[in-house]
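*Asks:* Numbering (our numbering), first residue to last: 367 to 706. Even for Gly, the Cβ is constructed at its ideal location relative to N, Cα and C.
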Amino acid sequence: MSALTVVTSFSASGDEVNTSAQAIIAKEINRQVMRYRSEIESSSISPELLAQSNKLGGVIRSVAFSPDGQMLLAVSVDGVASLLTVSDAKVVHSVPDREFAQYGGVYSPDGKRFATCGDKGARIFSLDSMKPLVTLTGHAMLVQGIAFSPDGARVATASADRTARIWNAFTGASEATLSGHSFFVNAVAFSPDGKRIATASWDKTARIWDAVTGEEIAALLGHTAPVDSIGFSPDGARLVTGAEDGSARIWQIASGKPVFELGGHIPPHVIAAFSPDGTQLATGAFFDIARLWRASDGKKVATFYGGLPGGVIFALAFSPDGHRLAVGTFEGMVQIWAVR
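1. If we call anything under 7 angstroms between Cβ atoms a contact, is residue 553 one with residue 596?
2. How long is the line joining the alpha carbons of residue 586 and residue 463, rounded to whole angstroms?
3. Which whole-angstrom value describes the C-beta separation of residue 510 and residue 469, a residue pair presumed to lie in contact below a C-beta threshold of 8 angstroms?
4. For the ligand NAD, is there a heavy atom less than 6 angstroms away from the beta-carbon of residue 555?
5. What is the DSSP secondary structure of residue 382, counted as helix, strand or coil?
6. Within the same chain, show all residues whose beta-carbon is closer than 7 angstroms to that of residue 486, passing over the 5 residues directly before and after it, in chain order.
7. Helix, strand or coil for residue 374, going by three-state DSSP, please let me know.
8. Does the separation of the CB atoms of residue 440 and residue 636 fall below 7 angstroms?
9. Quick test of your reading: residue 638 and residue 607, contact by CB under 8 angstroms. State the CB separation rounded to the nearest angstrom.
10. Which one or two residues does DSSP pair with residue 458 in a beta bridge?
11. CB-CB under 7 angstroms to residue 609, same chain, minus the five flanking residues each way: which ones, in chain order?
12. Which residues does DSSP list as the beta-bridge partners of residue 534?
13. From the DSSP secondary-structure annotation, give me the bridge partner or partners of residue 643.
14. Please check the pair residue 535 and residue 518, which I expect to be a contact at CB under 8 angstroms, by giving their CB distance rounded to whole angstroms.
15. In angstroms with no decimal places, state the Cα-to-Cα distance between residue 690 and residue 621.
16. Give the secondary structure of residue 466 by DSSP, where H, G and I count as helix, E and B as strand, and everything else as coil.
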């Protein structure tokens, strides 16, 4: 599949559909792709699509590489956690869980466990048995984000009940509740040293917390719409946020101020992530447009288009070596791109 593809809507049987919402969506995607044609063709690097999965379920809300980079965990909104081989995007294991696996998923740092979250809470599974080891319940509403601490001993969760929580990853005991957001908490991340936690919220802020005491350290203000994603740079000095105002921002943690903004996305959904070496950033948004940026100064280095008819990127993640980018889509598929 080329990086620039004109889309036609098709029915499940493969017949072309020229009416209804499908055709309207396809027409709008084609219009947006043409709008970005020069940007795509002038990219200094040309990402290559290496593999694309079959439909795994509903919208893919989360993707995460295993620590060795050989496997990928994808969580779909209809309650399926899929483990795929990175080389060909084929499913090896599938774990249906409509209560605890709908919105987020992550591998433990040692690669022996994975965690998912959903309407009822979160669960930690064994990769050997594919059975749950611990169930984390206590949030008053659905859990939308989850992260392991760097040592794998704790898990942080982000909930629509306006809080985040820190849990013991082996016993399931709740260790701290992070309270301060005034609306849904969408995403959570541990700093590389495990001493801080960052959260993103529908209250248009990102916040930094002490990972031991749960006390708020700083609130990052500037986005004008809900903040959907958050992540630390590998050195722990910066944060990246993606928001529904159509932008991603890079923040200096020491000052709490934005360093620069990555603009040009189509609202209302933007997600962003640092590469493992901290030299690149990836962003994804509506109409299946993804971009790579230079992390030092925010210069755009590549724009690419996945060519799927739904046209929304809901999740993305770099491989541990930074050479590949996994993208989760509205259509319930995963794409794996070579980006170096």
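*Replies:* Taking the geometry as given:
1. As a first step, residue 553 must be located in the sequence shown, where it is residue number 187. As a first step, residue 596 must be located in the sequence shown, where it is residue number 230. The answer is yes: Cβ separation under 7 angstroms.
2. Indexing the sequence shown from 1 puts residue 586 at position 220. Indexing the sequence shown from 1 puts residue 463 at position 97. Cα to Cα, the separation comes out at about 35 angstroms.
3. On the sequence shown, residue 510 is found 144 positions in, with the first residue counted as 1. On the sequence shown, residue 469 is found 103 positions in, with the first residue counted as 1. So it is a contact: roughly 5 angstroms between Cβ atoms.
4. Looking for the ligand NAD in the displayed structure turns up nothing, as the structure carries no ligands at all.
5. For this step, residue 382 is matched to residue 16 along the sequence shown. Interpretation of residue 382 is limited by its pLDDT of 39, a score under 50 that renders its predicted location unreliable; the figure taken from the coordinates is listed afterwards. DSSP places residue 382 in strand when its eight states are reduced to three.
6. For the purposes of this step, residue 486 is taken as residue 120 along the sequence shown, with counting starting at 1. If we look at residue 486 and ignore the five residues flanking it on each side, its Cβ neighbours are 465, 466 and 503.
7. As a first step, residue 374 must be located in the sequence shown, where it is residue number 8. No answer about residue 374 holds up, because its pLDDT of 30 lies below 50 and its placement is not dependable.
8. Here the question's residue 440 lines up with position 74 in the sequence shown. Here the question's residue 636 lines up with position 270 in the sequence shown. No. Outside cutoff.
9. Here residue 638 refers to the residue found at position 272 of the sequence shown. Here residue 607 refers to the residue found at position 241 of the sequence shown. The Cβ separation is near 7 angstroms, so the contact holds.
10. Within the sequence shown, the letter at position 92 stands for residue 458. DSSP, once it has assigned bridges, lists no residue as partnering residue 458.
11. If you number the sequence shown from 1, residue 609 lands on position 243. Same-chain partners within the cutoff: 589, 591, 592, 593, 594 and 636.
12. Locating residue 534 in the sequence shown gives position 168, counting from the first residue. In the DSSP output, where bridge partners are listed per residue, residue 534 has 520.
13. Within the sequence shown, residue 643 is the residue found at index 277, counting from 1. In the DSSP output, where bridge partners are listed per residue, residue 643 has none listed.
14. Working through the sequence shown from its first residue, we reach residue 535 at position 169. Working through the sequence shown from its first residue, we reach residue 518 at position 152. Contact between residue 535 and residue 518 holds: CB atoms are separated by about 6 angstroms, below the 8 angstroms threshold.
15. Position 324 of the sequence shown, counted from the first residue, corresponds to residue 690. Position 255 of the sequence shown, counted from the first residue, corresponds to residue 621. Those two C-alpha atoms are separated by around 32 angstroms.
16. As a first step, residue 466 is located in the sequence shown; it is residue number 100 there, counting from the start. Correct three-state label for residue 466: coil.
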